[in-house]
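Those letters in the sequence shown? Residues 1 to 134, by full-length UniProt numbering.
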Amino acid sequence: MSLPACALLLAGCSSLPPVDTMATGSVPVRTSAYAREPIPKGIATEDWTAARGALTEALGTKASAPSVPWENLAGSTRGTVTPLAERTADGGGKCREFLMSFVREEREEWLQGEACKAAKGAWKVDQARMLERS
(Lines of atoms letter the chains of each structure in order from A and count residues from 1; the text may use other names and numbers.)
(Lines give C-alpha, C1' and ligand atoms only; values in the text may rest on other atoms or scores of the structure.)
Protein backbone atom coordinates (compact mmCIF):
# COMPACT_ATOMS: atom_id res chain seq x y z
CA MET A 1 0.00 0.00 0.00
CA SER A 2 1.35 3.42 -0.91
CA LEU A 3 2.05 6.15 1.60
CA PRO A 4 -0.76 8.43 0.34
CA ALA A 5 -3.26 5.53 0.60
CA CYS A 6 -2.20 4.83 4.21
CA ALA A 7 -2.51 8.52 5.05
CA LEU A 8 -6.06 8.56 3.66
CA LEU A 9 -7.02 5.49 5.68
CA LEU A 10 -5.56 6.93 8.87
CA ALA A 11 -7.17 10.30 8.25
CA GLY A 12 -10.55 8.58 8.35
CA CYS A 13 -9.82 7.41 11.91
CA SER A 14 -9.54 10.97 13.15
CA SER A 15 -13.15 11.62 12.20
CA LEU A 16 -14.46 8.98 14.64
CA PRO A 17 -16.42 10.35 17.59
CA PRO A 18 -14.53 10.54 20.88
CA VAL A 19 -14.83 7.60 23.25
CA ASP A 20 -17.41 8.18 25.96
CA THR A 21 -15.73 7.34 29.28
CA MET A 22 -18.75 8.07 31.47
CA ALA A 23 -19.94 4.89 33.19
CA THR A 24 -23.69 4.41 33.02
CA GLY A 25 -26.11 1.63 33.76
CA SER A 26 -24.31 0.18 36.76
CA VAL A 27 -24.25 1.08 40.39
CA PRO A 28 -21.10 0.35 42.38
CA VAL A 29 -21.45 -1.47 45.68
CA ARG A 30 -21.24 1.16 48.39
CA THR A 31 -19.23 -0.36 51.18
CA SER A 32 -18.91 2.86 53.20
CA ALA A 33 -22.41 2.47 54.66
CA TYR A 34 -21.41 -0.74 56.43
CA ALA A 35 -17.63 -0.42 56.60
CA ARG A 36 -17.82 -0.02 60.38
CA GLU A 37 -19.77 -3.25 60.87
CA PRO A 38 -17.70 -6.02 62.35
CA ILE A 39 -16.97 -8.79 59.88
CA PRO A 40 -18.33 -12.10 61.17
CA LYS A 41 -15.63 -14.39 62.56
CA GLY A 42 -14.31 -16.83 59.95
CA ILE A 43 -15.19 -14.67 56.91
CA ALA A 44 -12.48 -13.03 54.78
CA THR A 45 -12.85 -9.26 54.33
CA GLU A 46 -13.11 -9.51 50.52
CA ASP A 47 -15.74 -12.25 50.77
CA TRP A 48 -17.79 -10.20 53.25
CA THR A 49 -17.64 -7.15 50.98
CA ALA A 50 -18.96 -9.15 48.01
CA ALA A 51 -21.59 -10.98 50.07
CA ARG A 52 -22.67 -7.78 51.86
CA GLY A 53 -23.62 -6.17 48.55
CA ALA A 54 -25.89 -9.13 47.78
CA LEU A 55 -27.29 -8.96 51.31
CA THR A 56 -28.38 -5.36 50.81
CA GLU A 57 -30.11 -6.34 47.57
CA ALA A 58 -31.79 -9.39 49.12
CA LEU A 59 -33.09 -7.53 52.16
CA GLY A 60 -34.64 -4.86 49.99
CA THR A 61 -36.87 -7.36 48.19
CA LYS A 62 -40.22 -8.84 49.09
CA ALA A 63 -40.35 -11.50 51.81
CA SER A 64 -40.95 -14.23 49.22
CA ALA A 65 -38.00 -13.19 47.04
CA PRO A 66 -35.49 -15.81 45.88
CA SER A 67 -31.86 -15.96 46.90
CA VAL A 68 -29.41 -13.39 45.54
CA PRO A 69 -26.09 -14.80 44.26
CA TRP A 70 -22.71 -13.21 44.94
CA GLU A 71 -19.14 -13.97 43.91
CA ASN A 72 -15.65 -12.87 44.89
CA LEU A 73 -13.55 -13.71 41.83
CA ALA A 74 -10.29 -12.77 43.53
CA GLY A 75 -10.86 -15.24 46.35
CA SER A 76 -12.67 -17.89 44.30
CA THR A 77 -15.55 -17.74 46.74
CA ARG A 78 -19.22 -17.56 45.87
CA GLY A 79 -22.56 -18.02 47.55
CA THR A 80 -26.10 -16.83 47.95
CA VAL A 81 -28.05 -14.65 50.35
CA THR A 82 -31.59 -15.71 51.21
CA PRO A 83 -33.89 -13.31 53.05
CA LEU A 84 -36.05 -15.00 55.67
CA ALA A 85 -38.56 -13.84 58.27
CA GLU A 86 -39.34 -10.18 58.80
CA ARG A 87 -40.20 -8.60 62.14
CA THR A 88 -40.80 -5.17 63.61
CA ALA A 89 -38.01 -3.95 65.87
CA ASP A 90 -38.63 -2.38 69.27
CA GLY A 91 -38.36 1.13 67.83
CA GLY A 92 -40.78 0.32 65.04
CA GLY A 93 -38.15 -0.31 62.37
CA LYS A 94 -38.00 -3.32 60.08
CA CYS A 95 -35.66 -6.28 60.71
CA ARG A 96 -35.06 -9.37 58.58
CA GLU A 97 -33.34 -12.65 59.21
CA PHE A 98 -31.14 -14.09 56.48
CA LEU A 99 -28.99 -17.06 55.52
CA MET A 100 -25.77 -16.54 53.59
CA SER A 101 -23.69 -19.29 52.02
CA PHE A 102 -19.93 -19.25 51.41
CA VAL A 103 -18.66 -21.83 48.92
CA ARG A 104 -14.92 -22.34 48.40
CA GLU A 105 -13.87 -25.27 46.24
CA GLU A 106 -15.64 -28.25 47.85
CA ARG A 107 -16.28 -26.56 51.20
CA GLU A 108 -19.59 -24.89 52.04
CA GLU A 109 -20.33 -22.81 55.13
CA TRP A 110 -23.49 -21.01 56.26
CA LEU A 111 -23.93 -17.79 58.14
CA GLN A 112 -27.21 -16.99 59.89
CA GLY A 113 -27.99 -13.43 60.82
CA GLU A 114 -30.38 -10.58 61.26
CA ALA A 115 -30.21 -7.05 59.89
CA CYS A 116 -32.34 -4.05 60.77
CA LYS A 117 -33.07 -1.00 58.69
CA ALA A 118 -31.44 2.08 60.18
CA ALA A 119 -33.04 5.53 60.24
CA LYS A 120 -31.16 6.53 57.06
CA GLY A 121 -32.54 3.52 55.19
CA ALA A 122 -29.38 1.36 55.21
CA TRP A 123 -29.46 -2.21 56.51
CA LYS A 124 -27.20 -2.84 59.52
CA VAL A 125 -26.28 -6.39 60.48
CA ASP A 126 -27.06 -6.72 64.17
CA GLN A 127 -26.41 -10.44 64.59
CA ALA A 128 -24.42 -12.94 62.55
CA ARG A 129 -22.96 -16.34 63.37
CA MET A 130 -21.51 -19.22 61.46
CA LEU A 131 -23.63 -22.36 61.71
CA GLU A 132 -22.00 -25.49 63.08
CA ARG A 133 -21.93 -28.68 61.02
CA SER A 134 -23.59 -31.63 62.66
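Virtual Cβ for every residue (Gly too), placed ideally from N, Cα, C.
Rounded C-beta distance between residue 89 and residue 111? I'm assuming under 8 Å. Numbered from its first residue, the sequence shown carries residue 89 at position 89. Numbered from its first residue, the sequence shown carries residue 111 at position 111. In fact, because the Cβ distance is near 21 Å, the residues do not count as touching under 8 Å.
Check residue 133 in the structure and name its three-state DSSP category. Translated into the one-based positions of the sequence shown, residue 133 becomes position 133. Residue state, collapsed to three classes: coil.
Residues bridged to residue 109 (per DSSP): Translated into the one-based positions of the sequence shown, residue 109 becomes position 109. DSSP, once it has assigned bridges, lists 102 as partnering residue 109.
Return yes when the Cβ of residue 42 is within less than 8 Å of the Cβ of residue 100, no when it is not. Translated into positions along the sequence shown, residue 100 becomes position 100. Translated into positions along the sequence shown, residue 42 becomes position 42. No.
Let me confirm a value: residue 83 is counted as buried when at least 16 other C-beta atoms fall within 10 Å, else exposed. Which label applies? The residue you call residue 83 lines up with position 83 of the sequence shown. Residue 83 comes out buried.
Is the beta carbon of residue 117 less than 8 Å from the beta carbon of residue 37? As a position in the sequence shown, residue 117 is number 117, starting the count at 1. As a position in the sequence shown, residue 37 is number 37, starting the count at 1. It is not a contact, given that the beta carbons lie outside the stated cut-off.
Looking only at its own chain, which residues have a Cβ that is under 6 Å from the Cβ of residue 48, when we skip the five neighbours before and after it? Residue numbering aside, residue 48 sits at position 48 when the sequence shown is read from its first letter. The residues are 39.
Among 113, 108, 44, nearest to residue 74 - alpha-carbon criterion: Locating residue 74 in the sequence shown gives position 74, where the first residue counts as 1. Checked all of 113, 108, 44; the closest Cα to residue 74 is 44.
Can you tell which of 122, 97, 67 has the C-alpha that lies nearest to the C-alpha of residue 114? For the purposes of this step, residue 114 is taken as residue 114 along the sequence shown, with counting starting at 1. The option with the nearest alpha carbon to residue 114 is 97.
Looking only at its chain, what residues have a beta carbon closer than 6 Å to the beta carbon of residue 68, apart from the 5 residues adjacent to it on each side? As a working mapping, residue 68 is identified with position 68 in the sequence shown. Excluding residues within five positions, the ones whose Cβ falls inside 6 Å are 54, 57, 58, 81.
Taking C-alpha atoms, which residue in 50, 61, 78 lies nearest to residue 108? Reading the sequence shown from its first residue, position 108 is the one you call residue 108. Nearest option by C-alpha distance: 78.
From the DSSP secondary-structure annotation, give me the bridge partner or partners of residue 52. Counted from its first residue, the sequence shown places residue 52 at position 52. In the DSSP output, where bridge partners are listed per residue, residue 52 has none listed.
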